[in-house]
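In what follows, a structure is listed as structure tokens, so that the remarks can point back to it.
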Ligand code: UD1
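Residue numbers (the numbering used here): 191 to 607.
Okay, structure coming up:
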């Protein structure tokens, strides 16, 4: 198992490009199933979660190959309508294949998805919506059996929470359903817009993506297309946190400022300077960070739950008290226990974490337990005096492409062994 060794307190500098978005690539890969055609996807990051999605496509009989950051997926052949438990467990996004397979074949058999442990992650919103669209769904010992005997039909769906995954599953299924589907209280994340852009290029008819009410008019068929994935806003936020904790100045390329609208104020209040021009961010951080206003994670356009852990790493060194309230997931403070080993002062109870900024962090041996928590440990270790060790890169590699190489390019002393 690969580990990370990080010698902290090195200043970062230079320029890197922000990778393509994992959370955009995954649903788009699932959506290719609808097209029965070749799709060329550019700017796809090299990640274990993406590899897992490609394995699912190949299991289903599709062709999928990678050349650098370009994926070519041909879904003309689809020899199966089921995904085995082992592949479903590899990541949470495997559930998005449900809407795609069901819309294409009228049936689907798969299992409850895996993914990071962030508290209970039910899929009731996905299932309720597909039932409303005409699917009969039975569950038995973790197996989910779906049949839409007369095909899927458009429906009016009101989500009780703007779930990203449920919105994606419904959008994909609705593209080939008979009639119009409306989703109220839909997720508004940039990744939803990217999926809608892709589907519309394929001949789909999706209106208002990025707004609270989505309208999808079903079409007879979709065709393949070429599409470039948006940059990953969470990776951008993580790199900004890394520069902030090390008092550094860095340049990030491939930035979409609107996607960072809820994140940037925290950095600015902490005393960082951010200038963005034509997709290039010039980021610089003061010698000592200041505590910032409370961070309350909420669905987009609010502060993203995925950026909570890396930004908390920054708060551990910011002078004063910063309060975090995690409203999206129940259990997303696993990194806190590891921060304490570095000398941070954080108290977490339930959904609230109170961070008293300290002057210095000190190296330690750390255990990664989930994807964004792993990234936060890397950020904290970059600021800690001495050599820290992170026990595994397996979570990090789900979402950060060659993060050790990216940080080394910026001057960090980080080694994967
Ligand atoms: C996606 C992102 C993940 C991010 C999350 C929230 C991908 C691949 N993953 O995950 O990185 O942290 O959005 O921004 O895009 N819920 C239900 N019932 C459901 C579905 C969700 O109760 O049927 C709850 C979840 O338990 C959670 C909340 O809704 O508390 C948000 O989940 P959701 O938006 O669905 O997240 P994911 O799509 O799994």
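Cβ atoms here follow ideal geometry from the backbone N, Cα and C, with glycine treated the same way.
Note that the structure is predicted; figures quoted are calculated from it, not measured.
Touch test, the region 264-276 against the region 238-245, Cβ-Cβ under 8 Å, three pairs minimum: Contact annotation: the region 264-276 does not touch the region 238-245, with fewer than three C-beta pairs closer than 8 Å.
As assigned by DSSP and simplified to three states, the class of residue 545: Against the chain shown, residue 545 aligns to sequence position 355. Residue 545: strand per DSSP, three-state reduction.
Any non-hydrogen atom of the ligand UD1 within 6 Å of residue 302 CB: In the chain shown, counting from the first residue as 1, residue 302 sits at position 112. Because no heavy atom of the ligand UD1 lies under 6 Å away, the Cβ of residue 302 does not count as near it: no.
Contact the region 366-376 vs the region 337-353: 3+ CB pairs below 8 Å: Because the criterion of three Cβ pairs below 8 Å is met, the region 366-376 and the region 337-353 touch.
Start-end ranges of the beta strand (DSSP E) lying completely within the region 352-397, minimum 3 residues: Entirely contained in the region 352-397, the beta strand (DSSP E) runs reaching 3 residues are, in chain order, 370-374 and 395-397.
Minimum C-alpha distance to residue 327 - residue among 586, 590 and 301: Indexing the chain shown from 1 puts residue 327 at position 137. Cα-wise, what sits closest to residue 327 is 301.
Residue 601 versus residue 197 - alpha carbon distance: What you label residue 601 is simply residue 411 of the chain shown in a count that begins at 1. What you label residue 197 is simply residue 7 of the chain shown in a count that begins at 1. The alpha-carbon of residue 601 is positioned some 11 Å away from that of residue 197.
Cβ-based neighbour list, residue 599, same chain, cut-off 7 Å, excluding 5 preceding and 5 following: Numbered from 1 along the chain shown, position 409 holds the residue referred to as residue 599. 204 and 206, listed in sequence order.
Residue 560 burial status per 10 Å Cβ neighbour count (16 or more: buried): Residue 560 sits at position 370 when you count from the first residue of the chain shown. Flag for residue 560 reads buried.
Strand pairing of residue 336, partner residues [DSSP]: Within the chain shown, residue 336 is the residue found at index 146, counting from 1. Answer is 298 and 327, bridged to residue 336.
Buried or exposed by the 16-neighbour rule on C-beta atoms within 10 Å, applied to residue 330: Within the chain shown, residue 330 is the residue found at index 140, counting from 1. Exposed.
Identity of the residue in 534, 231 and 529 nearest residue 509 by Cα: Walking along the chain shown from the start, residue 509 turns up at place 319. Ranking the options by Cα distance to residue 509, first place goes to 534.
Identity of the residues DSSP links to residue 583 by a beta bridge: As a first step, residue 583 must be located in the chain shown, where it is residue number 393. DSSP output for residue 583 lists no bridge partner at all.
Alpha-carbon to alpha-carbon, residue 554 and residue 511: As a working note, residue 511 is residue 321 in the chain shown. As a working note, residue 554 is residue 364 in the chain shown. C-alpha of residue 511 to C-alpha of residue 554: approximately 23 Å in a straight line.
Sub-7 Å separation of residue 229 and residue 259 beta-carbons: Here the question's residue 229 lines up with position 39 in the chain shown. Here the question's residue 259 lines up with position 69 in the chain shown. Going by C-beta atoms, residue 229 is not nearer than 7 Å to residue 259.
Residue 538 - DSSP class collapsed to helix/strand/coil: Within the chain shown, residue 538 is the residue found at index 348, counting from 1. Looking at residue 538 - three-state DSSP - the assignment turns out to be strand.
Limits of the unbroken beta strand (DSSP E) element including residue 465: As a position in the chain shown, residue 465 is number 275, starting the count at 1. Its beta strand (DSSP E) spans residues 463-467.
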